[in-house]
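Worksheet: the structure to be examined is printed underneath.
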Amino acid sequence: MQCGDMDELNDTGIADLLLIYSVKSHLIAVRPELERLVVIDDARPRLSFPTSQGLIVVAKSDTSDTGIWTVSGPGIGVKAPRPSTAELASTALIAYESARARLPSAA
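Quick note: the sequence shown uses our numbering, first residue 220, plus one each step.
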């Protein structure tokens, strides 16, 4: 692959979609029950899933020229300019586990 080809990938958003799908794979590897809950919006790109405390969202900001990625949800709001898949997935998992811990039946 030539350098120009990589620019084309980034320009078309394919790299962003690959990142979102990788985050989904990381989430499901750790918490298989999320497979039926995770929703991906290919147009944005964005990933979301519900918890008992509210929605957790992983998305790239469309209001910033730098393309800041955010993980937001109940009690969490993290922004990073160029996060790795593992960083996004682990932040989303922290929010998920935090919401699970707040359930009365969670042990």
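We put the CB at the ideal spot given by N, CA and C, even for glycine.
Rounded to whole angstroms, the Cβ separation of L236 and A311 is 17 Å, and the two are not in contact under 8 Å.
Between the alpha carbons of A299 and A278 lies a distance of about 11 Å.
By the Cβ rule, the region 313-324 counts as touching the region 286-302, because three or more pairs are nearer than 8 Å. When the alpha-carbon of D260 is set against those of I239, G273, A234, the nearest one is in I239.
It is roughly 15 Å from the alpha-carbon of R265 to the alpha-carbon of V297. Cβ-Cβ distances below 6 Å link S267 to V258, L274, V276 in the same chain, with the five nearest sequence neighbours on each side left out; the list follows chain order. Per DSSP, the unbroken beta strand (DSSP E) holding V297 starts and ends at 295-299.
Taking the CA atoms as reference points, E306 sits about 23 Å from S271.
Here DSSP, grouped into helix, strand and coil, assigns T304 to helix. V249 is positioned such that its CB atom lies closer than 9 Å to that of A308.
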